[in-house]
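Protein chains in written order, with the working numbering: chain A, 1 to 333; chain B, 1 to 333. Note that beta-carbon positions come from the ideal geometry of N, C-alpha and C, so glycine has one too. Predicted model only: the values in this text are computed from it and were never measured. Worksheet for the structure shown next.
Number of protein chains: 2
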Amino acid sequence: MSELRRDPIVGRWVIVNVEDPKAPKDFHIEPHHYDDATNCPFCYGNEHMTPPEIQAFRHEKTHVNKQGWQVRVVPNKFPALQIEGELDRHGLGIFDMSNGIGAHEVIIETPYHTKDISDLEQNEIEKILEMYSLRSKDLEKDKRFKYILLFKNFGSSAGATIDHNHTQLIALPMIPKNVLEELNGSNEYFEYRDRCIFCDIIHQELEEKERVLEQSKNFIAFCPYVSRSPFEIWIMPRAHKLSYCDISKEELSDLAKMLKDVLRRMKTALNDPPYNFIIHTSPINGEDRPGYHWHIEIMPRLSRLAGFEWGTGFYVVSTPPEVAIKYLKEIKL
Amino acid sequence: MSELRRDPIVGRWVIVNVEDPKAPKDFHIEPHHYDDATNCPFCYGNEHMTPPEIQAFRHEKTHVNKQGWQVRVVPNKFPALQIEGELDRHGLGIFDMSNGIGAHEVIIETPYHTKDISDLEQNEIEKILEMYSLRSKDLEKDKRFKYILLFKNFGSSAGATIDHNHTQLIALPMIPKNVLEELNGSNEYFEYRDRCIFCDIIHQELEEKERVLEQSKNFIAFCPYVSRSPFEIWIMPRAHKLSYCDISKEELSDLAKMLKDVLRRMKTALNDPPYNFIIHTSPINGEDRPGYHWHIEIMPRLSRLAGFEWGTGFYVVSTPPEVAIKYLKEIKL
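As structure tokens, this is what we get:
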């Protein structure tokens with residue numbers, strides 16, 4: 001018999017196949033191939049193919065919009081939202097609408113066309129993670145924005161349209177629904193118990209040990225009890241901090257190592273699967289709440305959403321986290 | 001510039017590409033091919049390949065679990081949930097869990113291996129729709145269940161694992177999150193205004209005319225202002241009825257015609273796309289609320305969810321409903 005599990009933060013149910021769990025070989029994962037680098041706008045020498053850079057970490061004596069960068073941030077050439085203009089929100093009968101004000105940036109993680117985060121050195125990853133924070137802090141100054149989302153699509157079936165590894169940043173003039181649900185859920189818990197639900201999850205996971213993948217001084221990585229996707233992994237700071245921007249220098253370095261290890265395990269165990277990772281952090285400009293706790297959610301894209309998921313918000317998980325963790329742990333780093 | 005639109009029921013935002021909308025030819029839709037019928041468990045003569053039938057409409061003098069049926073209902077051979085057992089819910093530290101009690105049935109829509117709903121005659125579709133209601137009413141008697149979901153996956157990228165056209169029914173021991181959100185949203189509106197938000201949407205759509213695809217005595221089909229998917233279509237009864245089970249004989253016949261026409265338009269305009277349809281109806285066994293209004297949501301699967309959608313609950317819609325409707329309307333039936 002399957003098992004139903006309920007997420008204590010947002011109230012989402014998942015159906016976990018505990019009786020006949022899928023192994024990595026049961027997922028039909030197309031091997032990841034990088035396309036030809038010749039016309040890649042994110043490669044050295046092609047800097048003119050992107051809009052002018054917003055910010056970069058560069059080797060000494062190199063020039064803006066020329067090669068020699070380590071991490072480079074540019075505006076998205078086909079932005080979902082545009083930075084220019086006044087925010088205009090109004091009603092339309094019973095509907096609400098707004099013009100598409102926002103920021104949409106691309107953080108090019110590395111000059112190497114075929115290297116993903118798990119292939120990079122710890123100090124290179126640290127620079128990417130630092131850039132996430134720098135860009136967020138810069139955009140926070142814009143009072144039109146309420147939320148900054150950092151996310152990565154790896155592989156075309158996870159939504160990547162350019163192979164060269166990159167992260168996207170979108171600044172939004174409102175708090176998105178999924179974030180609001182997490183905020184409300186964790187805040188309700190906080191008000192009732194005067195404790196953070198994410199801290200309590202860390203506590204319970206460390207006590208049960210069953211789903212913990214990695215531990216370091218500042219972070220813990222685990223397969224969440226209420227995973228939505230097989231082999232889902234969360235990385236959470238041990239310290240109760242609301243926002244990714246509060247990350248310390250020491251934490252950056254610690255996180256870089258853990259992210260590398262976790263992604264390396266996932267890549268090896270699952271044959272380089274498509275995945276998304278999302279930084280879950282607090283809203284900005286006065287919209288944060290004390291019960292929140294920033295973290296990273298990594299979801300390999302191994303299954304398709306169908307009518308059942310669309311209709312209910314349930315997820316059917318073919319590999320329980322308690323089983324997934326075994327495959328991930330046995331990978332040698 | 002794009003446009004942000006907010007759904008008044010659940011508060012979901014979508015980003016609509018109003019400036020450079022995608023046309024049907026811009027979506028890379030793999031033509032739908034039916035696999036070989038020889039080993040199809042849903043074809044005449046293969047009735048022994050499914051678990052014994054639960055209910056069927058049959059031609060006179062034909063026998064249970066033999067050919068001669070028009071619509072046939074069987075238990076899902078690989079059920080997500082199982083019907084036998086007592087419901088057992090308990091806490092696990094901060095998590096909630098339950099055993100996987102539920103019903104999972106398959107409604108085989110037609111004996112024809114390669115016919116979808118839009119290829120069938122109106123009276124054949126009527127029988128499918130009537131079966132939805134009969135099965136729901138039967139399962140409502142089971143007091144363990146709180147919700148019955150009817151949904152269809154067409155095409156493998158919409159989640160179908162068997163090509164032969166069928167609908168799935170899942171009875172759940174709890175109200176799923178997405179349904180709860182719709183219920184709460186519509187009920188809040190109802191309590192404040194003493195009006196149904198779905199009735200108000202019908203009213204506004206009929207007044208604006210811009211997104212209305214079909215109208216009949218009892219139903220209206222339209223592309224919703226806050227579509228999540230390009231070419232999304234909703235079919236809504238004009239009468240304020242909470243549950244699909246309240247459908248009248250006249251409405252059944254009317255709906256059969258509209259569903260056929262709408263699916264035929266979508267199939268022709270978009271080159272037989274994969275799609276999901278979901279019947280949104282009230283919870284059962286005392287959990288319904290006066291502000292709800294049952295309806296059908298049809299979503300062609302033309303885009304992929306990526307990190308942005310996962311992180312926010314936003315959807316990026318590449319064809320505004322006001323544009324989609326033009327392509328759908330110009331199809332000759």
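When the alpha-carbon of M1 of chain A is set against those of A:N153, A:I15 and A:P8, the nearest one is in A:I15. The C-beta of M49 of chain A has fewer than 16 other C-beta atoms within 10 Å across all chains shown, which makes the residue exposed. By the CB criterion at 8 Å, L81 of chain B and G100 of chain B fall inside the cutoff. At a cut-off of 3 residues, the continuous stretches assigned as beta strand (DSSP E) that sit fully inside the segment 47-115 of chain A are 55-58, 69-75, 89-92, 95-99 and 103-108. In the DSSP annotation of this structure, the continuous segment of the beta strand (DSSP E) that includes V317 of chain B starts and ends at Y315 to V317. Judged by beta-carbon spacing, Y132 of chain B lies beyond the 8 Å limit of L149 of chain B, meaning their Cβ atoms are not closer than that value. The alpha helix (DSSP H) runs lying completely inside the segment 209-273 of chain A and spanning 4 residues or more are 249-269, given in chain order. When 7 Å is used as the limit between beta carbons, N178 of chain A is near these residues of chain B: G311, T312 and G313, in chain order.
Listed as beta-bridge partners of I298 of chain A by DSSP are A:I233 and A:F277.
With respect to chain A, the C-beta atom of Q82 of chain B has a partner C-beta closer than 8 Å.
Setting aside the 5 residues that flank it on each side, K77 of chain B is surrounded in the same chain by T50 and P51, each with a C-beta closer than 7 Å to its C-beta; the list follows chain order.
With the criterion set as a beta carbon lying under 7 Å from some beta carbon of chain A, the members of the segment 199-210 of chain B are D200, I201 and Q204, in sequence order.
At a cut-off of 8 Å between beta-carbon atoms, Q67 of chain B makes no contact with chain A. Here F27 of chain A has L302 as same chain residues with Cβ atoms under 6 Å from its own Cβ, once five neighbours each way along the sequence are excluded.
Under the DSSP definition of a beta bridge, E3 of chain B partners with A:N99 and B:V16.
In the DSSP secondary-structure assignment, L134 of chain B is not bridged to any residue.
In the structure shown, I148 of chain A adopts extended strand secondary structure according to DSSP, grouped into three states.
DSSP places A160 of chain A in no beta strand (DSSP E); its state is neither H nor E. Put simply, the segment 221-234 of chain A touches the segment 287-299 of chain A. At least three CB pairs are less than 8 Å apart.
DSSP lists A:H104 and A:L149 as the beta-bridge partner residues of I170 of chain A. When secondary structure is reduced to three states using DSSP, F154 of chain B falls in the strand class. Not a single C-beta of chain A is nearer than 8 Å to the C-beta of S318 of chain B. Interface with chain B (8 Å Cβ-Cβ cutoff): D26 of chain A is excluded. Taking 8 Å as the cut-off, the beta carbon of G11 of chain B is found no closer than this to the beta carbon of I278 of chain A. Excluding its 5 nearest sequence neighbours in each direction, I83 of chain A has C-beta neighbours in its own chain below 6 Å: A103, listed in chain order. About 6 Å separates the Cβ atoms of N276 of chain A and W310 of chain B, confirming a contact at the 8 Å cut-off. Taking the Cα positions, L242 of chain A is about 56 Å away from E250 of chain B. For the set B:S282, B:A269 and B:E287, the Cα lying nearest the Cα of H293 of chain B is the one of B:S282. For the set A:A324, A:E86, A:L255 and A:P320, the Cα lying nearest the Cα of S118 of chain A is the one of A:L255. One alpha carbon belongs to L87 of chain A, the other to R264 of chain A, and they sit about 42 Å apart. Three or more beta-carbon pairs separated by less than 8 Å link the segment 228-243 of chain B to the segment 309-329 of chain B, which places the two stretches in contact.
For F42 of chain A, no alpha helix (DSSP H) segment is defined, and its DSSP state is neither H nor E. The straight-line gap separating the alpha-carbon atoms of P274 of chain A and Q67 of chain B is approximately 44 Å. The beta carbons of E3 of chain A and M174 of chain B sit no closer together than 8 Å. Nearest C-alpha to I108 of chain B among B:I29, B:C43, B:I197 and B:V64: B:C43.
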